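Step one of this worksheet: look at the structure below.
What follows is the structure, given as structure tokens:
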């Protein structure tokens, strides 16, 4: 995939400081790939943390608030809802 991005002003200067001999990255493509990778990791981390928080709330729920449902009940409900 090829992307073209037009950047000017302060953003362009910021990129120039991070790329090349003085920067952390050899070229703009490497810099953009790293930014995308980090953003992807951030999104995945946020999703994981949200799920983790939901699970922690569930595990913290007192036992008396749980309702016992057998495997047979689950199967029967599924068959009723979606058919055989």
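In our numbering, the protein residues as written are 47 to 130. We put the beta carbon where it would ideally sit given N, CA and C, even for glycine. Values in this document were obtained by computation on a predicted structure and should not be read as measured data.
Item to check | Cutoff 6 Å; reference residue 95; Cβ partners in own chain excluding five residues on either side | outcome: none
Item to check | Nonlocal neighbours in the same chain, by C-beta distance under 7 Å from residue 65, ignoring five residues either side | outcome: 71, 73, 74, 77
Next on the checklist: Which residue marks the beginning of the alpha helix (DSSP H) containing residue 88, and which one marks its end?
Outcome noted: 74-106
Checklist entry - Between which two residues does the alpha helix (DSSP H) containing residue 116 stretch? => result Per DSSP, residue 116 belongs to no alpha helix (DSSP H) and is neither H nor E.
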